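Residues in the sequence shown are numbered from 10 upward in steps of one, following this note's numbering. Heads up, the beta-carbon is just placed ideally off N, CA and C, and yes, glycines get one too. Bear in mind that the values here come from a model prediction, so they are computed numbers and not experimental data.
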Amino acid sequence: MNVFPLFTRSRLGVLLVAAITLSACSVGPDYRAPKPSTPAAFNSLASDRASRPQATVTNPGWWKSFNDPQLNSLIDRAIVGNLSLQQAVLRIAGSRQQLNQARGAWFPSINGAASAQRQQLGLKGELESKGVYSQLDEVSGDTDVRSALNGLTKPVGLYQGSFDASWELDLWGKVRRQVEAAGAQQQESLESRNDALVSLEAEVARTYLQLRGAQLISQTLQTQIEVAQQTLELTQSQQRNGLAPQMDVENARAQLHSLRAQLPQYESQMHQAMNGLAVLIGKPPGALDAELAAPKAMPGLPKAVSVGLPSTLARRRPDVRQAEARLHEATASIGVSVAQLFPDFSLTGQFGMRNTDASYLDNWSSHFYSYGASVSLPIFQGGRLVSGVKLARAEQASAALGYRQTVLTALQDVENALVSYRTDQQQVEGLDQTVDALQNAFDLANDSYGKGLSSFIDALTAQRQLAQAKQQAASARVQSSLDLVALYKALGGGWELYQNVQLPDYSVFGPAESGDTPAG
């Protein structure tokens, strides 16, 4: 049976072909990746002589250059267990679903419906109220009219099942721009995750180095305390033998107490660092005390640091890539706003079965259908749509400026980190020389005091200066390591190795609801 008239179907086919042809159009500007202006090389490299950074390809696993297996293990565990990173991963999953929602607008919407109802027309009461019912037989000349009417006014059943379909034609590319914007949002959330990876790696390395640094300085203090204790005992012995005044004993005791008073702050730093590392890997504070409490040597620094070129920094830093994704999203949103100025075209259709007897619903004579097209044209919106376009263009311009600012900030971060690391290296070199000189001075002062050639104050002063220089050298070495971590973070590497971070267990948020999800 030919249900649809041929001529109408032909016109509908022409309309579909025209719609598909027009769907290749997309209003609004097409996105073009920006090309940031960067110098040929980092300015700080020109005057560098101590840190020896190199303009070569950066090392994505930069923390491994410290040659510390425990640090490597902590970073691996943090990637798996850190809760903030898992939140960033979940945001990627959310943006992916938003992209799927946007893509769904490309397809027709099909819904099914079914109904069963009991109804009474109520025609008899309406005719009686108008005084017509009693005259029906006389007017019609048929005595069965009122009988037939009484039959119609009895309650009857109505059963229906149908499918409804609608499809909004994307003639102006509004849906394509929405999908493009959603794709940029997904890229933005991905780069946010990568930025969280870089920050997490740097934070674990920084906290671990702070722990080992506090242990190093504490050990240096312990050594100086032992020397001060020996000096006090020697001075007390000399005082008992009449070879030294009581004032020398009190000065030696004061020096010992001064050194001991500095220990608690470094013990506090050690406990705070261990607590911080535990939380970073998703464990409660104190969970790593047994593993990390034993002092270990400060990790050594690499002989050379690969910093790459400024021209590659924009592609390497996740925050710059995130800013570019925001610019892409803002550019696509202009097309969405512009498309709202144009008419919306939709195709609709319905097909179903309807009968007063449910047993006849499978009979073709019970079928019904409808199809057609509609257009909605914005005529007057009070300037809302035009303002929406202007707003989208302003947001795109703001995103472009934000991208440029992010690039400049990235360059600044690297330059500042290079300067700090170079200065640290020079300071460590100078303090090491100072320690060597003060060690010689202390040995000479001690020897002279033992021979009675100099006062105890000279020996005590030399000891105090040596202790201060050793602490300063240890602190400078720690700061140099921390500034190297800051340099690696500024370079933006480290996220490339962990692109398959697993999603957290959704059960932590409550009972699973996957089985309750309806189709579509």
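Quick one: what does DSSP say V7 is sitting in, helix, strand or coil?
Lying before the first or after the last residue shown, residue 7 is absent from the chain, which here runs from 10 to 529.
Okay, do the segment 325-339 and the segment 488-502 touch, 3+ Cβ pairs below 8 Å being the bar?
yes
Quick one: residues in its chain with C-beta nearer than 6 Å to the C-beta of R100, no 5 flanking neighbours on either side, listed in chain order?
Residue 100 sits at position 91 when you count from the first residue of the sequence shown. Shown here for R100: same chain residues with a beta carbon closer than 6 Å to its own, the five before and five after excluded, namely S198 in chain order.
Which whole-angstrom value is the C-beta distance of S118 and A205, which I expect to be below 8 Å?
Numbered from its first residue, the sequence shown carries residue 118 at position 109. Numbered from its first residue, the sequence shown carries residue 205 at position 196. Contact flag wrong, Cβ pair sits at about 37 Å.
Per-residue burial, F389 [other beta carbons within 10 Å of its own, 16 or more giving buried]
Start at 1 with the first residue of the sequence shown, and residue 389 comes out as number 380. Flag for F389 reads exposed.
Considering only the alpha carbon of each residue, which of Y380, V395 and A237 lies closest to A348?
The residue you call residue 348 lines up with position 339 of the sequence shown. Out of Y380, V395 and A237, V395 has the C-alpha closest to the C-alpha of A348.
Own chain partners of A382 with C-beta closer than 6 Å, once the 5 adjacent residues on each side are dropped:
What you label residue 382 is simply residue 373 of the sequence shown in a count that begins at 1. Hits under 6 Å: L356.
Terminal residues of the continuous alpha helix (DSSP H) containing M283?
Within the sequence shown, numbered from 1, the residue matching residue 283 stands at position 274. That run of the alpha helix (DSSP H) goes L272 to L289.
With DSSP run on the structure shown, which of helix, strand or coil describes Q245?
Here residue 245 corresponds to residue number 236 of the sequence shown, with the count starting at 1. Q245 falls in the helix class under three-state DSSP.
Taking C-alpha atoms, which residue in W71, G222 and L241 lies nearest to Q264?
As a first step, residue 264 must be located in the sequence shown, where it is residue number 255. For the residues W71, G222 and L241, the minimum Cα distance to Q264 belongs to L241.
Going by DSSP, what residue range makes up the alpha helix (DSSP H) through A348?
Position 339 of the sequence shown, counting from 1, holds the residue named residue 348. Taken as a continuous stretch (DSSP letters only), the alpha helix (DSSP H) holding A348 covers P327 to A348.
Segment limits, beta strand (DSSP E) that includes Y369:
Reading the sequence shown from its first residue, position 360 is the one you call residue 369. It is not in any beta strand (DSSP E) - Y369 carries neither H nor E in the DSSP assignment.
For D77, which of helix, strand or coil comes out of DSSP?
Working through the sequence shown from its first residue, we reach residue 77 at position 68. Of the three classes helix, strand and coil, the one that applies to D77 here is coil, per DSSP.
Taking the alpha carbon of A334 as the point to measure from, which residue in G37, S104, D77 and T47 has its own alpha carbon closest?
To locate residue 334, count along the sequence shown from 1; it is residue 325. Nearest C-alpha to A334: S104.
Identify, in the order they occur along the chain, each residue of the same chain with its Cβ nearer than 8 Å to the Cβ of A59, setting aside the five sequence neighbours on each side.
Working through the sequence shown from its first residue, we reach residue 59 at position 50. Legend: pLDDT at A59 = 41, less than 50; position of this residue unreliable, value from coordinates given subsequently. Answer for A59: R431, Q434, Q435 and E438, listed in chain order.
Specify whether the segment 218-232 and the segment 296-315 touch according to this definition: at least 3 beta carbon pairs, one from each stretch, less than 8 Å apart.
yes
V384 - containing alpha helix (DSSP H), residue span
Here residue 384 is taken as the residue at index 375 of the sequence shown, counted from 1. V384 -> not in any alpha helix (DSSP H); beta strand (DSSP E) instead, spanning H376 to S385.
Anticipated Cβ contact below 8 Å, V487 with G90, distance rounded:
As a working note, residue 487 is residue 478 in the sequence shown. As a working note, residue 90 is residue 81 in the sequence shown. Their Cβ separation, rounded to whole angstroms, is 26 Å, which puts V487 and G90 out of contact at 8 Å.
Can you tell me which residues form a DSSP beta bridge with D353?
As a first step, residue 353 must be located in the sequence shown, where it is residue number 344. The partner list for D353 (beta bridge, DSSP) reads S385.
Can you tell me the Cβ-Cβ gap for A476 and L268, rounded? I've got them flagged as a contact below 8 Å.
Walking along the sequence shown from the start, residue 476 turns up at place 467. Walking along the sequence shown from the start, residue 268 turns up at place 259. Contact flag correct, Cβ pair sits at about 6 Å.
Segment contact, 8 Å Cβ cut-off, at least three pairs: the segment 309-325 with the segment 246-262
no
Between the Cα of E235 and the Cα atoms of E212, R262 and N250, which residue gives the shortest distance?
One-based indexing of the sequence shown puts residue 235 at position 226. Checking every option, the nearest Cα to that of E235 belongs to R262.
Taking the alpha-carbon of F93 as reference, which of R202, K183, I84 and Q106 has the nearest alpha-carbon?
Walking along the sequence shown from the start, residue 93 turns up at place 84. According to the sequence shown, residue 93 is Ser rather than Phe. The shortest C-alpha separation from S93 is found at R202.
Starting from the Cα of A299, find the closest Cα among L167, G37, G70 and H280 and give me that residue.
In the sequence shown, the residue the question calls residue 299 occupies position 290. Looking at the Cα atoms, H280 is the closest of the given residues.
Any idea if I466 is buried or exposed, counting beta-carbon neighbours within 10 angstroms, 16 or more meaning buried?
For the purposes of this step, residue 466 is identified with residue 457 of the sequence shown, where counting begins at 1. So I466 ends up on the exposed side.
Among F451, L322 and S464, which has the Cα closest to the Cα of A50?
In the sequence shown, residue 50 corresponds to position 41, counting from 1. Considering only F451, L322 and S464, the residue with the shortest C-alpha distance to A50 is L322.
Start-to-end residues for the beta strand (DSSP E) that takes in Q110
One-based indexing of the sequence shown puts residue 110 at position 101. It is not in any beta strand (DSSP E) - Q110 instead sits in the alpha helix (DSSP H) that spans L92 to G113.
Cβ neighbour criterion (16 or more within 10 Å) applied to K399:
Counting from one through the sequence shown, the residue named residue 399 turns up at place 390. Counting Cβ neighbours within 10 Å, K399 comes out exposed, since fewer than 16 surround it.
Which residue comes first and which comes last in the alpha helix (DSSP H) that contains G459?
Mapped onto the sequence shown, residue 459 falls at position 450. It spans R393 to G459 - the alpha helix (DSSP H) in which G459 sits, taken as one unbroken run.
Could you please give me the residues that DSSP links to V165 through a beta bridge?
If you number the sequence shown from 1, residue 165 lands on position 156. V165 pairs with Q128.
How about G309 and F451: are their beta carbons less than 9 Å apart?
As a working mapping, residue 309 is identified with position 300 in the sequence shown. As a working mapping, residue 451 is identified with position 442 in the sequence shown. Not in contact: G309 and F451 (Cβ atoms no closer than 9 Å).
Name the residue from N364, V384 and A419 whose alpha carbon lies nearest to the alpha carbon of Q169.
On the sequence shown, residue 169 is found 160 positions in, with the first residue counted as 1. Closest option to Q169, Cα to Cα, is N364.
List the endpoints of the continuous alpha helix (DSSP H) containing D298.
Mapped onto the sequence shown, residue 298 falls at position 289. Taken as a continuous stretch (DSSP letters only), the alpha helix (DSSP H) holding D298 covers D298 to L301.
Inter-residue Cα distance where the pair is S457 and S464
Taking the sequence shown and counting its residues from 1, one reaches residue 457 at position 448. Taking the sequence shown and counting its residues from 1, one reaches residue 464 at position 455. Distance between the alpha carbons of S457 and S464 is about 8 Å.
From this set, A42, L83 and Q405, which residue's C-alpha is nearest N284's C-alpha?
As a first step, residue 284 must be located in the sequence shown, where it is residue number 275. Of the candidates A42, L83 and Q405, the residue whose Cα lies closest to the Cα of N284 is L83.
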